[in-house]
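Chemist: Position one of the sequence shown corresponds to residue 3 (the numbering used here), numbered consecutively onward. For each residue, glycine too, the CB sits at the ideal point set by N, CA and C. All values derive from a computational prediction rather than experimental measurement. Pasting in a structure now, in structure tokens, and then I'll have a few things to ask.
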Amino acid sequence: MIKVLKRGGISLHTNLSNLQRVDIKHNIRHPFEILEIKMKKIATALKALDEKLESNESDTTFDYDGSVEKRIFDYVQGIDELYDTSFLIMKAVNETISKDNSNAILWCKENCKDNYSDFKGAVDRYHDIIRVISNKIKHDSLRIDFLTLMDNKDNPILGFYFSNVIGENNLNGADLDIHAEYEGSSTAFSYNHFMKSTVGLVFYMLEKLNSILFKEKKLKEKDFLDFSESLSLISVSEKYNSLFFPDEFNKCILSVVENKNSFSLTFPYKKIKIIGFLITSVRPSFRINNVGGIDTTTNKFPYHKLIW
3 MIKVLKRGGI SLHTNLSNLQ RVDIKHNIRH PFEILEIKMK KIATALKALD
53 EKLESNESDT TFDYDGSVEK RIFDYVQGID ELYDTSFLIM KAVNETISKD
103 NSNAILWCKE NCKDNYSDFK GAVDRYHDII RVISNKIKHD SLRIDFLTLM
153 DNKDNPILGF YFSNVIGENN LNGADLDIHA EYEGSSTAFS YNHFMKSTVG
203 LVFYMLEKLN SILFKEKKLK EKDFLDFSES LSLISVSEKY NSLFFPDEFN
253 KCILSVVENK NSFSLTFPYK KIKIIGFLIT SVRPSFRINN VGGIDTTTNK
303 FPYHKLIW
């Protein structure tokens, strides 16, 4: 269980604030400041994405100006940066003096092996997909395509997928390294699940890093510093409901329980699939690729075998 106070206070943020500059043995920005920079970037990116989806209202199926795509990319890369930054913070609070290494991950692997292994062992299983997406954003030619699934109660479930060329003759579809197969079809991300799972991962990383670096530190509620970025992430996550794409009910999300003075967060948490839940239609939205004045693109869209 992860505790967040009503004014946003979290253990890692407060514990890092209590470190003195003389405690930092390397030429690194104070870890408290490092955390604030990265969390602000994530919260800003998520808020921008949420506001864009909200402003589109019913027209969230297609990204006419590429603004939704950009916001998704920014948000994913912000989360990936937080993962890398966790090792920079780990290095900053470590007293080992050795030949410096600009790669904090490699430095921690060599100089604080237990902390390095504990963090990676807990986090990598949830972060790996973010790393794959982030690397492909930087080094491949990903695009975002969109689709809406309708369930048997006429509820629209909106989402997207990372599109790439996946076959001969310019066949486009869900990137094979990102989207797993489900009942013979490729898959996608519903906005509902994407928001809840990624925000959950952020808090999970922060909690694991705190438990590794500050095992013996027990804070009283009055000691916690306000941290608006925490509240911003929770607020956005809670706006999205638990209607997911069919394969997502087996995947982890964030659960939030509001108490008198705090929020109790649980990640990983799995939502039980609704009894009788069925998909009745799939409505994809494809981009037109006018290379040489002719659209030669063919598309394979997710979940198509659920309705055919």
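Taking the alpha-carbon positions, what's the I4 to G278 distance?
Modeler: Going by the C-alpha atoms only, they are around 32 Å apart.
Chemist: Helix, strand or coil for F247, going by three-state DSSP, please let me know.
Modeler: Here F247 sits in coil by DSSP.
Chemist: Please work out which residues of its chain come closer than 7 Å, Cβ to Cβ, to V6, disregarding the five sequence neighbours upstream and downstream, and give them in chain order.
Modeler: Excluding residues within five positions, the ones whose Cβ falls inside 7 Å are I12, S232, I236, S264, F265, L267.
Chemist: Excluding the 5 residues flanking P158 on each side, which residues of the same chain have their C-beta closer than 7 Å to its C-beta?
Modeler: So the qualifying residues of the chain are T150, M152.
Chemist: How far does the alpha helix (DSSP H) with M207 in it extend, from its first residue to its last?
Modeler: Start and end: 193-215.
Chemist: In or out: D175 buried (at least 16 other Cβ within 10 Å) or exposed?
Modeler: In the sequence as displayed, the identity of residue 175 is Gly instead of Asp. With 16 or more other Cβ atoms within 10 Å, it is buried.
Chemist: Grab the span of the beta strand (DSSP E) containing R145 for me, first residue to last.
Modeler: R145 -> beta strand (DSSP E) spans 145-153.
Chemist: Excluding the five sequence neighbours on either side, which residues of its own chain have a C-beta within less than 7 Å of the C-beta of E185, listed in chain order?
Modeler: If we look at E185 and ignore the five residues flanking it on each side, its Cβ neighbours are K307, L308.
Chemist: Which value, in whole angstroms, describes the spacing of the CA atoms of A172 and F148?
Modeler: As written in the sequence, residue 172 is Asn, which differs from the Ala given in the question. For N172 and F148, the distance between alpha carbons rounds to 18 Å.
Chemist: By how many angstroms is the C-alpha of I132 removed from the C-alpha of S213?
Modeler: Rounded to whole angstroms, S213 to I132 spans 22 Å at the Cα level.
Chemist: Can you list, in chain order, the residues of its chain with a C-beta nearer than 8 Å to that of K42? Leave out the 5 residues immediately preceding and following it.
Modeler: Once the five neighbours on either side are set aside, the close Cβ partners of K42 are E231.
Chemist: Going straight from the alpha carbon of E240 to that of N261, what length do you get?
Modeler: Taking the straight line from one Cα to the other gives about 15 Å.
Chemist: In angstroms, rounded to a whole number, what distance separates the CA positions of P304 and D67?
Modeler: Near 23 Å, if we compare the C-alpha coordinates of D67 and P304.
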